[in-house]
Amino acid sequence: MKMLRHARQAATLAAATMLVIGGAAGCAKEDTGGTTESGVTLIKAGALTTCTHLPYAPFQSKDQTGKVVGFDVALIDLVAAKLGVTQEIVDTPFEGIKSGADLNSGKCDVAAAGMTITDERKKVLDFSEPYFDATQALATQTGKEVKTLEELVGKRLGVQGGTTGEEYINGQVKEKSLDIKVVSYRDLAALQQALATNQIEGAVNDLPVWNEYIKANPGKVVVAAGFDTGEQYGFAVKKGNAQLLKTVNEAIAAARADGTYDKIYAQWIGEKPVG
Ligand code: ARG
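When the letters of the sequence shown are read in order and numbered with mature numbering (1 follows the signal peptide of the UniProt record, and there is no 0), they come out as residues -24 to -1, 1 to 251.
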C-alpha cells in the first residue's frame, strides 16, 4: 500500500478498491469520478447520478419541459445539495435497478424509483431508512369496479413487471388458485394505457401512482380495492457504499426534522394520512 498524503486521496483510493473488490469495471472510475468535500466518491465529478425507471409519477416523471421531477427527485436533490453537486437522472429499466446491476456497474450512485424495501433486494442493495409508506391497489375503469380478486376470474389483470405488485398478485393467484390471466407490462405507462384501452379488466400498482393518475385523468379510472401490503420505500446505494448511504440518511432525517419533508410531501403527494 502506498503512502497517502491526505484523507481525500485515501477516500478515493478506498472507494476505487471497493469497486474492484465488487467485481465491477472499476478501472477509469477514479479518473472520471469525483470525491466530494465530505469524502463521498461519485461516479461522475460534480454530479450525483441517480438511476430511476420512468414514468412513476408522483415519484418521478417528466414535466411539460421534459425535466424529470417528483417526490423522489426532490428528496435526492437534498442529498445532492448536501454533497455540493447537482443531481443527474438516468432512466433505465426497473430490473437493473432492483437487481443491483446498475449500481454495481457504475451506471449511477443512487437508485430512487419508488422502490419498496424487500429482504430479497436487501441482499443486493443497501437501502436507506424508509422514506415513504405504500400499499398496493387495484384500479379499474369507472363503472367496472370489482372489490375482490375473485371477481376477476376468467379475466385479464395487469401488473408492472419486476415490481412488488406483480409479486403480490402472482402470490394471491397461486395461493387462492384463481384462474386469472396476469399480464405483465414493462412500465407504468404501458400498464395504464392497457387499462385505459380495455386490454385488461383491472391493474395493480402502488396506491399513490393510481391517486396521481386519477388526479391527472379525472373520471376515467377508480381505485376499486386496496391490499395492505405494508410496503416502505427506500433509496438504494451499491452494497458497501456506507459513505453515500450515510449522507442519504442524514439528508432524509434533516428534511423530516425541519419540515422540508412535509413540504415536499404536500407538493407531490398531497395531504398526509393521519396515523
Ligand atoms: N414499489 C414497487 C416496487 O418496488 C414499484 C416500483 C416501480 N418504480 C418505478 N420507478 N418504475 O416494486
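Where is the CB? At the ideal position from N, CA and C, for every residue including glycine.
Go ahead and pull the three-state DSSP assignment for residue i.
i    : result
T92  : strand
T62  : strand
Y107 : coil
T236 : helix
D67  : strand
L114 : strand
Q40  : coil
A87  : strand
K157 : strand
V72  : Residue identity check: residue 72 is Gly in the sequence provided, not Val. Helix at G72.
R97  : helix
G119 : coil
V135 : strand
Q243 : helix
D163 : coil
N80  : helix
T11  : strand
V129 : coil
Pull up the CB-CB distance for residue i and residue j, whole angstroms please, since I reckon it's below 8 Å.
i           : j    : result
L133        : K157 : 7 Å
L79         : K214 : 4 Å
Y144        : T205 : 6 Å
A212        : L101 : 4 Å
D95         : G141 : Their Cβ separation, rounded to whole angstroms, is 17 Å, which puts D95 and G141 out of contact at 8 Å.
residue 272 : Q208 : Since the first and last residues shown for the chain are -24 and 251, residue 272 lies out of range.
T12         : G60  : 6 Å
W186        : A242 : Incorrect: roughly 19 Å between the Cβ atoms, too far for contact.
K58         : T223 : 6 Å
W104        : L221 : Looking at the sequence shown, residue 104 is not Trp but Ser. Right, the Cβ-Cβ distance comes to about 6 Å (below 8 Å), so this counts as a contact.
I240        : A50  : 5 Å
G138        : F70  : 5 Å
D53         : Q40  : Contact doesn't hold; Cβ gap of about 19 Å is too wide.
Y32         : L167 : Between L167 and Y32 the Cβ distance is about 11 Å, and since that is not below 8 Å, they are no contact.
Of all Cβ atoms in chain D, is any one closer than 8 Å to the Cβ of residue i?
i    : result
T139 : Of the protein chains in the structure, only one exists, and it is not chain D.
- Query: At a cut of 8 Å, does the stretch 28 to 35 reach the stretch 79 to 91 through at least three beta carbon pairs?
  - Reply: yes
- Three CB pairs or more closer than 8 Å across the stretch 229 to 239 and the stretch 122 to 137: no
- Item | beta strand (DSSP E) runs wholly inside the stretch 171 to 216, at least 3 long, in chain order | 178 to 182, 197 to 209
- Only counting runs of 3 or more residues, tell me where the beta strand (DSSP E) segments fall wholly within the stretch 15 to 39, in order along the chain. 23 to 28
- Counting pairs of beta carbons, one from the stretch 68 to 79 and one from the stretch 188 to 198, are three or more of them closer than 8 Å? no
- Query: Counting pairs of beta carbons, one from the stretch 170 to 177 and one from the stretch 132 to 146, are three or more of them closer than 8 Å?
  - Reply: yes
- Message: Check whether the stretch 11 to 20 and the stretch 43 to 50 touch, using three or more Cβ-Cβ pairs below 8 Å as the test.
- Response: no
- Message: Does the contact criterion of 3 or more C-beta pairs under 8 Å hold for the stretch 102 to 113 versus the stretch 146 to 154?
- Response: no
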